[in-house]
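So the protein lines, in turn, are chains A and B. Residues in the first sequence are numbered from 0 upward in steps of one, following numbering that gives the first Met the number 0. Residues in the second sequence are numbered from 0 upward in steps of one, following numbering that gives the first Met the number 0. We treat Cβ as the ideally placed atom computed from N, Cα and C, and that holds for glycine.
Number of protein chains: 2
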Amino acid sequence: MGASVSVSDSPLPLPTPDPPLPTHMFAINPTDPAPIWRQIEEGVRRMIALGALQPGASVPSVRDLAKDLRVNPNTVARAYQRLTEGGVLAVKRGEGTYVADVPVQPRKNERNEALRDAAIRYASTAISVGSGLEDAVDEVESAYERVVREHRRKA
Amino acid sequence: MGASVSVSDSPLPLPTPDPPLPTHMFAINPTDPAPIWRQIEEGVRRMIALGALQPGASVPSVRDLAKDLRVNPNTVARAYQRLTEGGVLAVKRGEGTYVADVPVQPRKNERNEALRDAAIRYASTAISVGSGLEDAVDEVESAYERVVREHRRKA
DNA sequence: CGACGTGTACTAGATACCTAATACAGTAAG
DNA sequence: CTTACTGTATTAGGTATCTAGTACACGTCG
């Protein structure tokens with residue numbers, strides 16, 4: 000299109016600074032409408048459920064994890080606070096935060112309730128994009144194994 | 000620890016005005032982090048995919064659907080606009096809005112992409128609540144049939 | 001013609017979330 | 001004690017969403 004312009008390429012406005020991009024613990028999806036603090040909360044619960052974080056193990060400090068995920072420390076602090084209130088984490092003031100000795104697994108009631116709620120959301124979107132039940136199930140199986148494999152790789 | 004207070008029971012503070020509660024078309028979940036206009040957009044797509052809304056059928060007016068769902072007309076208008084831009088709906092100005100004659104179904108690429116994305120979110124929450132793959136799949140099958148049945152009942 | 005319903009556009013306010021920066025209290029190591 | 005790190009609290013600003021109210025252009029019907 001441009002004729003014989005000999006100007007050196009535009010100096011790259013760098014819309015994306017895109018520095019290290021570590022993803023040590025788990026990933027944060029900025030496009031997900033769910034709040035970041037909820038994604039962090041769920042991520043920690045996921046790692047505990049998968050055994051990547053065992054009872055008594057120490058979790059990264061608020062500032063470290065914030066730097067790792069490239070979010071604000073306040074956001075991580077909010078997730079840690081909720082996990083502490085829920086009995087998932089235990090904080091030794093001035094020392095650090097650890098996985099609770101007896102990591103509470105959600106009661107079967109609320110566990111099924113949360114799962115059912117998520118299933119309805121997933122089924123709804125599956126139907127809205129014209130997917131059948133079999134395709135939806137296949138995709139879940141694939142995604143489940145992928146998430147497990149991804150966490151095992153980092154454990 | 001009030002002693003022998005004989006005051007009649009509190010007159011039911013009625014924290015939820017809870018008026019008609021119609022739910023003619025589909026339901027809106029205020030606790031869902033997804034924006035309401037996206038829930039509406041997905042709901043219309045869902046009804047078309049299930050045949051509850053056939054090509055050429057008229058959809059409720061912006062104000063009617065807004066009153067039905069108890070949301071602001073602007074929110075419904077935003078959803079209708081996106082559906083019109085996407086070729087799902089067609090608007091006859093001053094007359095009304097109708098389902099497009101050739102309702103576009105998402106390309107297989109973006110359809111699979113959206114489905115895969117939703118599947119990852121669902122699998123993640125399933126793992127985080129300590130659910131196994133089988134339970135997660137069972138819940139999806141149950142939810143899928145429930146959504147279909149619910150829409151058939153209103154069609 | 002006028003009245004009504006349609007989609008659309010605009011302003012303004014309220015709320016939730018994320019970010020930034022700073023400060024404080026407690027613990028461990030030098 | 002001093003230093004460094006921990007979680008926690010506070011204030012401020014920016015962005016996105018939802019709400020409310022109003023106004024306009026278009027088409028149908030009486």
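Going along chain A in order, which residues have a C-beta closer than 8 Å to the C-beta of residue i?
i	result
serine 130/B	Arg110 and Leu114
threonine 124/B	Glu41, Ala113, Leu114 and Ala117
valine 146/B	Ile119, Ala122, Ser123 and Ile126
aspartate 134/B	Leu114
alanine 56/B	Chain A residues near alanine 56/B: none, gap ~17 Å exceeds 8 Å.
Quick check: the Cα distance between residue i and residue j, rounded to an integer number of angstroms?
i	j	result
lysine 153/A	glycine 50/A	11 Å
glutamate 109/B	alanine 135/A	14 Å
glycine 93/A	arginine 69/A	23 Å
alanine 118/A	alanine 125/B	9 Å
asparagine 111/B	serine 130/A	9 Å
valine 82/A	isoleucine 47/B	The displayed chain sequence assigns leucine, not valine, to residue 82/A. Rounded to the nearest angstrom, the two C-alpha atoms are 41 Å apart.
proline 34/B	aspartate 116/B	17 Å
valine 90/B	arginine 45/B	19 Å
valine 139/B	glutamine 38/A	21 Å
alanine 113/A	phenylalanine 25/B	21 Å
alanine 76/B	alanine 142/B	29 Å
threonine 30/A	valine 103/B	25 Å
glutamate 40/B	tryptophan 36/A	26 Å
valine 43/A	aspartate 137/A	26 Å
glutamine 80/A	arginine 120/A	27 Å
histidine 150/A	leucine 52/B	42 Å
alanine 78/B	proline 32/A	16 Å
glutamate 84/B	glutamate 144/A	37 Å
threonine 74/A	proline 105/B	36 Å
proline 14/A	asparagine 28/A	Model confidence at proline 14/A stands at a pLDDT of 38, short of 50, so the residue's coordinates are unreliable; what they give is reported in the following sentence. In a straight line, the C-alpha of proline 14/A is about 18 Å away from that of asparagine 28/A.
leucine 20/B	valine 87/B	With a pLDDT of 45 at leucine 20/B, under the threshold of 50, the modelled position of that residue is not reliable, and no figure is offered here.
leucine 132/A	aspartate 63/A	42 Å
arginine 148/B	lysine 107/B	25 Å
For residue i, decide whether its Cβ has a neighbour in chain A, counting only Cβ atoms nearer than 8 Å.
i	result
leucine 49/B	yes
isoleucine 119/B	yes
Under the assumption that residue i contacts residue j (Cβ atoms under 8 Å), give the Cβ distance between them as a whole number of angstroms.
i	j	result
valine 98/B	alanine 65/B	Going by Cβ atoms, the distance from valine 98/B to alanine 65/B rounds to 19 Å, so no, they are not a contact pair.
serine 123/B	valine 146/A	6 Å
aspartate 100/A	proline 54/A	5 Å
threonine 96/A	valine 128/A	Rounded, the Cβ-Cβ distance is 40 Å, inconsistent with contact.
Helix or strand or just coil, what does DSSP make of residue i?
i	result
leucine 68/B	helix
alanine 99/B	coil
valine 58/B	coil
valine 128/A	coil
alanine 89/A	strand
threonine 83/B	helix
methionine 46/B	helix
asparagine 28/A	coil
alanine 33/A	coil
arginine 106/A	coil
glutamine 38/B	helix
leucine 114/A	helix
glutamate 94/B	coil
alanine 122/B	helix
alanine 142/A	helix
alanine 78/A	helix
alanine 135/A	helix
Answer with yes or no whether the minimum CB distance from residue i to chain B is below 8 Å.
i	result
valine 103/A	no
arginine 81/A	no
alanine 142/A	yes
Quick one: which chain A residues come within Cβ less than 7 Å of residue i?
i	result
glutamate 138/B	Leu114, Arg115 and Ala118
arginine 45/B	Ser123, Ile126 and Ser127
So which residues of chain B does residue i contact, with C-beta pairs closer than 7 Å?
i	result
proline 32/A	Pro32, Ala33 and Pro34
alanine 99/A	Ordered by position in chain B, no residue passes the 7 Å Cβ test against alanine 99/A, which lies about 14 Å from the chain.
Can you tell me whether residue i sits near the ligand GTP, meaning its C-beta is under 7 Å from at least one heavy atom of the ligand?
i	result
serine 141/B	The ligand GTP is not among the ligands present in this structure, which contains no ligands whatsoever.
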